[in-house]
Amino acid sequence: MTVLLSSEQHNTLSIASASEAAKAGIPLDTYQDCSQIDFAFDDADVIEEGTLVAIIGRRKLQGEESIIQEKSILNATNKLVFIIEENQYKGGLEGSIPVLIQSLNWMAIAEEIDDMFLGDAEVWRRPSIGQAGPLGGDFPLLTREGHNVLDVIFTSPIENLAEVAKSLGKVDGVVDHGVITKIPCTVVIASQNGLNILDKLTADIVG
9 MTVLLSSEQH NTLSIASASE AAKAGIPLDT YQDCSQIDFA FDDADVIEEG TLVAIIGRRK
69 LQGEESIIQE KSILNATNKL VFIIEENQYK GGLEGSIPVL IQSLNWMAIA EEIDDMFLGD
129 AEVWRRPSIG QAGPLGGDFP LLTREGHNVL DVIFTSPIEN LAEVAKSLGK VDGVVDHGVI
189 TKIPCTVVIA SQNGLNILDK LTADIVG
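The sequence shown begins at 9 in this note's numbering and counts up by one.
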């Protein structure tokens, strides 16, 4: 059996997970050397109440982190488990959906997305250092695959996160985005009162 221990905060949580696994005598390997992943444990920035659709990639990417790689692994696993805190599980989501786009014609792509969600969201190109305006400043973030990252920042509650993901996927020049829906999916929610475990067992889109 192969179990993937993952985290968006790779420099801290993933190292801690690997250390605890080693202490428990669990053999460790890289996912590239695994022919099959039975279970994947991951965190998410936020998960939509009821649908269990998740958003990853809101936090600034560091080093070799990759939304594309993370989604590829999660989509390949037989069972996905998200581990989050109580304040990360909510309805009426607002805030950023990270969108990976081709860097060559980024402005035209950003304008198309902006028109698509006019009045509901702002579109900012993510900078590699510091804080920047909508254009990403003089040093826009370039992922290891060579893509820019747009933060599509919703200023009002998103009615249907899965439909937003579908719409983004249809835009020419969009490579991927940070919305994930995976079947089957289990969400473990940690709170002061203990753990709440939710399962999503019915079919849905894979975004």
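Beta carbons are placed, not taken as given, at the ideal position from N, Cα and C, and that holds for glycine.
- The residues Gly-181, in chain order, have a CB closer than 8 Å to that of Asn-113 in the same chain once the five nearest residues on each side in sequence are set aside.
- Assigned with DSSP and collapsed to three states, Asp-122 falls in helix.
- Ala-198: member of the beta strand (DSSP E) spanning 193–199, first to last residue.
- Its Cα nearest to that of Pro-135, the residue Pro-148 stands out among Met-124, Pro-148, Ser-199 and Lys-31.
- Secondary structure of Lys-178 (DSSP, three-state): coil.
- Only residues of its own chain outside the window of five on either side were considered, and among them Ile-117, His-155, Asn-156, Leu-158, Gly-181, Val-182 and Val-183 have a CB closer than 7 Å to the CB of Ile-109, listed in chain order.
- Exclusion of the five residues before and after Val-160 leaves Ser-104, Ile-105, Val-107, Ile-121, Phe-125, Ala-129 and Val-131 as the residues of its chain whose Cβ lies within less than 7 Å of its Cβ.
- In the structure shown, the three-state DSSP call for Val-172 is helix.
- Cβ contact annotation for Glu-56 (same chain, cutoff 6 Å, sequence separation greater than five): Leu-101 and Leu-169, in chain order.
- CA-CA distance, Leu-206 to Val-196, rounds to 7 Å.
- The continuous stretches of beta strand (DSSP E) do not include Gln-77, which lies in the alpha helix (DSSP H) extending over residues 75–84.
- 8 Å or more divides the Cβ of Lys-174 from the Cβ of Pro-192.
- Using a Cβ distance threshold of 8 Å, Val-61 and Gln-96 do not count as a contacting pair.
- Asn-156 is bridged by DSSP to Ile-109.
- The beta carbons of Ile-64 and Ala-52 sit about 5 Å from each other, so the pair counts as a contact at 8 Å.
- Assignment of beta-bridge partners to Asp-207 by DSSP yields Thr-194.
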